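The sequence shown maps to residues 8 to 257 in the working numbering. For reference, the structure discussed in these notes is given below.
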Amino acid sequence: MNHALLKLEDVRKAYGALAVTDGVSLSVNPSEIHGLIGPNGAGKTTLVGQISGLITPDSGRIFFKDSDISSVPASSRTRMGMGRSFQITSIFGSMSALENVALAVKAKQGHCFQFWKAANQYREVQNTAAHILSTVGLGGLENTPCDELGHGELRQLELGIALAAEPKLLVLDEPMAGLSPVETRQMVELLTKLKASYGILLIEHDMDAVFALADRISVLVAGKVVFTGTAEDVRNSELVQRAYLGDDDE
8 MNHALLKLED VRKAYGALAV TDGVSLSVNP SEIHGLIGPN GAGKTTLVGQ ISGLITPDSG
68 RIFFKDSDIS SVPASSRTRM GMGRSFQITS IFGSMSALEN VALAVKAKQG HCFQFWKAAN
128 QYREVQNTAA HILSTVGLGG LENTPCDELG HGELRQLELG IALAAEPKLL VLDEPMAGLS
188 PVETRQMVEL LTKLKASYGI LLIEHDMDAV FALADRISVL VAGKVVFTGT AEDVRNSELV
248 QRAYLGDDDE
């Protein structure tokens, strides 16, 4: 049996008397998509911050590839193979798609303070960046300025930038946000393809996308994981219906 890529044990974070994450335990295995869902205010953003190293837990432990990373900074987690994409894209709009990914490739190689003039001088870097763009469905758009890309294409590019770090785990924070139905289907197809090579923690409000993609789903309510199971388990759980899915009817 494969060891979990990511494992959380009783992770907690409070601000004053408010417990934002309250004893969270979950895991993500290689070649698995683990969905994390929950209503607004459930603690998802704080939990993602703890996983990525931007927020330090008050207690509990976080393991990545069997190493305790609970106090490891975000930059080191990236170097260890944890990739993250955000709800809001962070892309240089005046630069081409290829240049944006090439910068990320150079950063992975450790030339963070030199890459501005060097990124487009190395054929190997450009070839790697072009391959990544093809992987995320942007082949043929290498030289397109990012200001001219559609919203869905920017989401694909953001994912490509995350892949440039050669991660083992992808933490994807709302990758479907703002996408049209057609763009959402394209993103679902892309993530399905990527699952063979990466473990994926998918934080997402689009329930149809989560149900289509996730091997397991954890439901976070008021900082607690109240249920973990398959999409079918989640659909059939009265607890989930009361705690989360039924909120839309209230």
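The beta-carbon is built from N, C-alpha and C at its ideal position, and this holds for glycine as well. Treat the numbers as computed from the prediction; the structure is a model and nothing was measured.
{"Asked": "Need the endpoints of the alpha helix (DSSP H) that residue 106 sits in, please.", "Found": "104-115"}
{"Asked": "Could you give the uninterrupted runs of the beta strand (DSSP E) lying entirely in the stretch 74-99, keeping only those of 3 residues or more?", "Found": "89-92"}
{"Asked": "Where does residue 108 land, buried or exposed, given buried means 16+ other C-beta within 10 angstroms?", "Found": "buried"}
{"Asked": "To the nearest angstrom, report how far apart residue 57 and residue 195 are at their CA atoms.", "Found": "26 Å"}
{"Asked": "Just the Cα atoms here: how many angstroms apart are residue 114 and residue 245?", "Found": "47 Å"}
{"Asked": "Taking residue 139 as part of the alpha helix (DSSP H), name the residues at either end of that continuous run.", "Found": "130-142"}
{"Asked": "Under 8 Å between the Cβ atoms of residue 32 and residue 13?", "Found": "no"}
{"Asked": "Could you compute how far the alpha carbon of residue 209 sits from the alpha carbon of residue 226?", "Found": "12 Å"}
{"Asked": "Apply the 10 Å Cβ neighbour rule to residue 228 and answer buried if 16 or more other Cβ atoms are within range, or exposed otherwise.", "Found": "buried"}
{"Asked": "Looking only at its chain, what residues have a beta carbon closer than 8 Å to the beta carbon of residue 243, apart from the 5 residues adjacent to it on each side?", "Found": "none"}
{"Asked": "What is the DSSP secondary structure of residue 28, counted as helix, strand or coil?", "Found": "strand"}
{"Asked": "Could you check the C-alpha separation between residue 150 and residue 61 for me, to the nearest Å?", "Found": "33 Å"}
{"Asked": "Tell me which residues share the same chain as residue 235 and place their Cβ nearer than 8 Å to its Cβ, disregarding the 5 neighbours each side in the sequence.", "Found": "33, 223, 224, 225 and 226"}
{"Asked": "Name the residue from 50, 18, 178 and 188 whose alpha carbon lies nearest to the alpha carbon of residue 67.", "Found": "18"}
{"Asked": "Inspect the CB distances between the stretch 182-191 and the stretch 151-166 and report whether three or more fall short of 8 Å.", "Found": "yes"}
{"Asked": "In chain order, what residues of the same chain have a beta carbon less than 7 Å from the beta carbon of residue 64, not counting five sequence neighbours either side?", "Found": "18, 19, 20, 57 and 77"}
{"Asked": "The ligand ZN heavy atoms versus the CB of residue 139: any closer than 7 Å?", "Found": "Questions concerning the ligand ZN fall outside what the structure shown contains, since it holds no ligand whatsoever."}
{"Asked": "Per DSSP, what kind of secondary structure is residue 237 in: helix, strand or coil?", "Found": "coil"}
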